[in-house]
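See below for the structure under consideration.
There are 2 protein chains.
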Amino acid sequence: MRAIERLSTEISKSGVKKLVIVHGGGSYGHPLAKKYSLVEGFRNAGQLRGLCETHLAMLTLNRLIVEALLERGVAAAPVSPLSCAVTRRGRLVRLELSPVKRLLELGVVPVLFGDVVMDEELGFTILSGDQLIAALSMELNADRIVLGLDVDGLCDKDPKQHPDAELIEEISPEELERLLPGLGGSGGIDVTGGMRGKMAEMLAPAKRGIPVFLVNAAKPGLVLKALRGESTPGTLIACEGRRSR
Amino acid sequence: MRAIERLSTEISKSGVKKLVIVHGGGSYGHPLAKKYSLVEGFRNAGQLRGLCETHLAMLTLNRLIVEALLERGVAAAPVSPLSCAVTRRGRLVRLELSPVKRLLELGVVPVLFGDVVMDEELGFTILSGDQLIAALSMELNADRIVLGLDVDGLCDKDPKQHPDAELIEEISPEELERLLPGLGGSGGIDVTGGMRGKMAEMLAPAKRGIPVFLVNAAKPGLVLKALRGESTPGTLIACEGRRSR
Numbered sequence: 000m001r002a003i004e005r006l007s008t009e010i011s012k013s014g015v016k017k018l019v020i021v022h023g024g025g026s027y028g029h030p031l032a033k034k035y036s037l038v039e040g041f042r043n044a045g046q047l048r049g050l051c052e053t054h055l056a057m058l059t060l061n062r063l064i065v066e067a068l069l070e071r072g073v074a075a076a077p078v079s080p081l082s083c084a085v086t087r088r089g090r091l092v093r094l095e096l097s098p099v100k101r102l103l104e105l106g107v108v109p110v111l112f113g114d115v116v117m118d119e120e121l122g123f124t125i126l127s128g129d130q131l132i133a134a135l136s137m138e139l140n141a142d143r144i145v146l147g148l149d150v151d152g153l154c155d156k157d158p159k160q161h162p163d164a165e166l167i168e169e170i171s172p173e174e175l176e177r178l179l180p181g182l183g184g185s186g187g188i189d190v191t192g193g194m195r196g197k198m199a200e201m202l203a204p205a206k207r208g209i210p211v212f213l214v215n216a217a218k219p220g221l222v223l224k225a226l227r228g229e230s231t232p233g234t235l236i237a238c239e240g241r242r243s244r
Numbered sequence: 000m001r002a003i004e005r006l007s008t009e010i011s012k013s014g015v016k017k018l019v020i021v022h023g024g025g026s027y028g029h030p031l032a033k034k035y036s037l038v039e040g041f042r043n044a045g046q047l048r049g050l051c052e053t054h055l056a057m058l059t060l061n062r063l064i065v066e067a068l069l070e071r072g073v074a075a076a077p078v079s080p081l082s083c084a085v086t087r088r089g090r091l092v093r094l095e096l097s098p099v100k101r102l103l104e105l106g107v108v109p110v111l112f113g114d115v116v117m118d119e120e121l122g123f124t125i126l127s128g129d130q131l132i133a134a135l136s137m138e139l140n141a142d143r144i145v146l147g148l149d150v151d152g153l154c155d156k157d158p159k160q161h162p163d164a165e166l167i168e169e170i171s172p173e174e175l176e177r178l179l180p181g182l183g184g185s186g187g188i189d190v191t192g193g194m195r196g197k198m199a200e201m202l203a204p205a206k207r208g209i210p211v212f213l214v215n216a217a218k219p220g221l222v223l224k225a226l227r228g229e230s231t232p233g234t235l236i237a238c239e240g241r242r243s244r
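Chains A and B supply the protein sequences, listed in that same order.
Just so you know, we're using numbering that gives the first Met the number 0 here: the first sequence kicks off at 0 and counts up by one.
Just so you know, we're using numbering that gives the first Met the number 0 here: the second sequence kicks off at 0 and counts up by one.
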């Protein structure tokens, strides 16, 4: 809760006008998604209750964030991926974004989240917040992506396995693509692919020319600076020509 | 709350397989929608907070209903109109229903609601649960509509103004259309048109051959009977050929 309040304050202070927020499952969505094996899709009717419970848990987290923003003067509205997205084998094939576009025009911040969604082949699955961020940034022609993490940024190899791993301050999407196989996958309760999964999703927007800033959201002030476009410690993924900051 | 619990029990007992639930705003949505004049659309930035608060209030009510259903063994999932519908001057022009169709295929009951939604001309407005019911029933080729009310059904004139008004047990859509101007409009906190508004929405599905049952949901057991297709006191709106029950 303290992190939600602090980040809401940073978002409010940043003064960014057209902002879309996407959050993950954290301790709300992941344990339930794992318990009911939701990533793998429909196997038995017992999972259906789990699907509903997982979505409700995500709505609970979403509401905490939306209310924290409202309290700080940011008009923010929940947008539910289960209500507007459909995947096929885990990849987005439908994403109704008219409401999101119109919320932005009005000056309301849409707040989306990783969610259990309907899947054309699997019945249902988990749509990661990272995949959503990539799709939204391209559909909405975003100026940039600020990806808040609980680490300082991207390292040249998995720091959990390699103590000599070094933080990368800037990288092109092509270089990132070459690094991908060496990055860490899911660990613990994360059901959506860890750092390798995140970076794989960020490749497409980065290649389209949307700079991606990775910042440590656990360190106070870094998200605020990144939103303001100020120089921040972290990793910038950007095409050669756009690497100025 | 007692009414939500009782109706959830009736829905659970009915055993209806493919069911979509749509609820209204009640004491949750209507007062806020009225306070911020949301039906009229965007007038000033102060309404944006009201838009967010109204939607959150509807999500609160929606959650009470979904959780009451889950507790009774009905897998039910919230579907948020703000996330999947857009209107133009208050009439639906976009309604993404792929998730609803797939939830039904899986055996999950989608639970929608009257909501504040984005509007192509007004900025935003209120989409009534009644308009949603009509659109959903036609898009999904519903077998029938059960419309739960707090009165016994449709009278030949507004009973609030005419003490001699009589309950109509059966009526064709054409006859209903002729009656419409004499029916009661909005009263009190209802922002979406009262009985006349409801009946105007029900005309289109009824004309397409989808029977509409009006039952008093405040009287225990009537929704259960109507869902089971049993004879119930109330009003049946149906084309001549389909008036058997």
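No residue lacks a Cβ here, since even glycine has one placed at the ideal position from N, Cα and C.
Being a predicted model, the structure only gives us computed values, none of them experimental.
Under a Cβ-count criterion, where at least 16 other Cβ atoms within 10 Å of its own Cβ denotes burial, should residue i be classed as buried or exposed?
{"i": "VAL38/B", "result": "buried"}
{"i": "GLY113/B", "result": "buried"}
{"i": "GLY45/A", "result": "exposed"}
{"i": "GLY160/B", "result": "Contrary to the premise, residue 160/B reads as Gln rather than Gly in this sequence. Burial call: exposed."}
{"i": "VAL108/B", "result": "buried"}
{"i": "THR231/B", "result": "buried"}
{"i": "ASN61/A", "result": "buried"}
{"i": "PRO77/A", "result": "buried"}
{"i": "GLU70/A", "result": "exposed"}
{"i": "GLY106/B", "result": "exposed"}
{"i": "GLU250/B", "result": "The structure shown does not extend to residue 250/B, since chain B is modelled only from 0 through 244, so no value can be given for it."}
{"i": "GLY14/B", "result": "exposed"}
{"i": "ALA56/A", "result": "buried"}
With a cut-off of 9 Å, does the C-beta of residue i fall near any C-beta of chain A?
{"i": "CYS51/B", "result": "yes"}
{"i": "GLU39/B", "result": "no"}
{"i": "GLY274/B", "result": "No information on residue 274/B is available, as it lies outside the stretch 0 to 244 that chain B covers here."}
{"i": "PHE112/B", "result": "no"}
{"i": "MET117/B", "result": "yes"}
{"i": "CYS83/B", "result": "yes"}
{"i": "SER79/B", "result": "yes"}
{"i": "ALA32/B", "result": "no"}
{"i": "PHE123/B", "result": "yes"}
{"i": "ARG90/B", "result": "no"}
{"i": "GLY24/B", "result": "no"}
{"i": "ARG101/B", "result": "yes"}
{"i": "GLY147/B", "result": "no"}
{"i": "GLU76/B", "result": "One point to set straight first is that residue 76/B is Ala, not Glu, in the sequence displayed. Yes, ALA76/B lies at the interface with chain A (some Cβ there is under 9 Å from its Cβ)."}
{"i": "ARG260/B", "result": "The requested residue 260/B is not part of the displayed model; chain B covers only 0 to 244."}
{"i": "VAL19/B", "result": "no"}
{"i": "ARG42/B", "result": "no"}
{"i": "LEU60/B", "result": "no"}
Does any C-beta atom of chain B lie closer than 9 Å to the C-beta of residue i?
{"i": "ARG93/A", "result": "yes"}
{"i": "GLU4/A", "result": "no"}
{"i": "GLU66/A", "result": "yes"}
{"i": "ARG71/A", "result": "no"}
{"i": "ALA134/A", "result": "no"}
{"i": "GLY106/A", "result": "yes"}
{"i": "LEU166/A", "result": "no"}
{"i": "ARG227/A", "result": "no"}
{"i": "SER7/A", "result": "no"}
{"i": "LEU47/A", "result": "yes"}
For the putative contact between residue i and residue j, defined by C-beta atoms under 8 Å, what is the C-beta separation to the nearest angstrom?
{"i": "CYS154/A", "j": "ALA141/A", "result": "Between ALA141/A and CYS154/A the Cβ distance is about 25 Å, and since that is not below 8 Å, they are no contact."}
{"i": "PRO172/B", "j": "CYS238/B", "result": "7 Å"}
{"i": "LEU221/B", "j": "VAL211/B", "result": "Contact doesn't hold; Cβ gap of about 15 Å is too wide."}
{"i": "GLY40/B", "j": "GLY122/B", "result": "5 Å"}
{"i": "LEU31/B", "j": "THR59/B", "result": "Their Cβ separation, rounded to whole angstroms, is 11 Å, which puts LEU31/B and THR59/B out of contact at 8 Å."}
{"i": "ALA203/B", "j": "ALA133/B", "result": "5 Å"}
{"i": "CYS51/A", "j": "ALA75/B", "result": "6 Å"}
{"i": "LEU223/A", "j": "LYS12/A", "result": "6 Å"}
Whole angstroms are fine: how far does the CA of residue j sit from the CA of residue i?
{"i": "LEU175/A", "j": "PRO162/A", "result": "20 Å"}
{"i": "TYR27/A", "j": "ALA2/A", "result": "15 Å"}
{"i": "VAL73/A", "j": "PRO80/B", "result": "22 Å"}
{"i": "LYS33/A", "j": "GLN130/B", "result": "38 Å"}
{"i": "ILE20/B", "j": "GLY183/B", "result": "25 Å"}
{"i": "LEU47/A", "j": "ARG101/B", "result": "12 Å"}
{"i": "ALA205/A", "j": "GLU168/A", "result": "15 Å"}
{"i": "LEU146/A", "j": "ASP118/B", "result": "31 Å"}
{"i": "VAL4/B", "j": "MET201/A", "result": "In the sequence as displayed, the identity of residue 4/B is Glu instead of Val. Distance between the alpha carbons of GLU4/B and MET201/A is about 45 Å."}
{"i": "ALA216/A", "j": "MET198/A", "result": "17 Å"}
{"i": "MET137/B", "j": "ARG87/B", "result": "19 Å"}
{"i": "ILE10/A", "j": "SER127/A", "result": "22 Å"}
{"i": "LEU326/B", "j": "GLU120/B", "result": "In this structure chain B extends from 0 to 244, so residue 326/B is not present and cannot be described."}
{"i": "ILE125/A", "j": "ASP149/A", "result": "21 Å"}
9 Å is my cut-off, CB to CB: does residue i come that close to chain E?
{"i": "GLY128/A", "result": "Given the protein chain composition of this structure (A and B), no chain E is represented."}
**Request:** Taking only runs that begin and end inside the region 96-155 of chain B, name each unbroken alpha helix (DSSP H) of 4 or more residues, in chain order.
**Result:** 97-105 and 128-138
**Prompt:** Residue ranges of each beta strand (DSSP E) run of no fewer than 3 residues wholly in the region 163-242 of chain B, ordered along the chain?
**Reply:** 211-215 and 234-236
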